[in-house]
Structures are given as C-alpha cells and as structure tokens.
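Before any comments, here is the structure.
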Amino acid sequence: MKLPKCINCNYKLSWPQTFKQTMIVKKDPLQCPQCHHKLFFTPKSKKRIFLLVALLPILFVILIALQISTIISVSLLIIYSILVMLVVPFLIEVTKNEEALF
Numbered sequence: 089m090k091l092p093k094c095i096n097c098n099y100k101l102s103w104p105q106t107f108k109q110t111m112i113v114k115k116d117p118l119q120c121p122q123c124h125h126k127l128f129f130t131p132k133s134k135k136r137i138f139l140l141v142a143l144l145p146i147l148f149v150i151l152i153a154l155q156i157s158t159i160i161s162v163s164l165l166i167i168y169s170i171l172v173m174l175v176v177p178f179l180i181e182v183t184k185n186e187e188a189l190f
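Letter by letter, the sequence shown follows residues 89 to 190 in my numbering.
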C-alpha cells in the first residue's frame, strides 16, 4: 500500500492531495500538482474502492440480522466509513490513459 506516483514525472502525490482529489465527486481525473499531467484510476483500483464501499451496506444488514444494539451498530458503521476514507488514497493506482472497467 503506497500513494500513487505521477506516470509522467514520477512525483509522489501526498495523502492530502490524493484524498482531496478522490473524495470530491467529479468526473475529472487526478492531476499531478508538479507537471499537471492527467492521471486516471486503473480498473483494478476502481474495483478495490468499489468493494470497500459496497461492504458498508452489507455490514449494515449483517449487524441488523445479528440484532446488535443500535449504538454499537452505528459506531461500527462510522468507524468503518472513516477507515475506508483514510485507506482509499493508498489503494489508488494510476495510468496515463482512461481504461474500461471490464
């Protein structure tokens, strides 16, 4: 697990830069702050992020099925969400061209 590097100039993006650019919902790709080259997510990293986010409702259903108390359930869901947000920048791999997901 490491932060992405620019394909063009090999500049290592910082965690705050990557976090900010990935958490803002927009169609624009990542951009290297050094050379302003556009960086696109690889299909592999898109799938990883999707799986982490998709686990949230599954976890919710499991907690309800096991009849875990509301306070514990909400706490676990909040902790999981925060952990996902903290880890996502490390799961990103970039490429210079946009590739199809499948």
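Note that the Cβ used here is the ideal one computed from N, Cα and C, for glycine as well.
{"query": "Within the continuous beta strand (DSSP E) that includes F138, where are the two ends?", "result": "No beta strand (DSSP E) contains F138, which is instead part of the alpha helix (DSSP H) from P131 to A153."}
{"query": "Quick one: grab the DSSP three-state call for K108.", "result": "helix"}
{"query": "Please classify L174 as buried or exposed, where buried requires at least 16 other C-beta atoms within 10 Å of its C-beta.", "result": "exposed"}
{"query": "Are the beta-carbon atoms of K126 and L189 separated by less than 9 Å?", "result": "no"}
{"query": "Contact between the stretch 177–184 and the stretch 97–110: three or more CB pairs below 8 Å?", "result": "yes"}
{"query": "For K178, which of helix, strand or coil comes out of DSSP?", "result": "Before going further, note that residue 178 is Phe rather than Lys in the sequence given. In this structure, F178 counts as helix in the three-state DSSP scheme."}
{"query": "In this structure, does DSSP put L127 in helix, strand or coil?", "result": "strand"}
{"query": "Opposite K100 in the DSSP bridges: which residues?", "result": "K93"}
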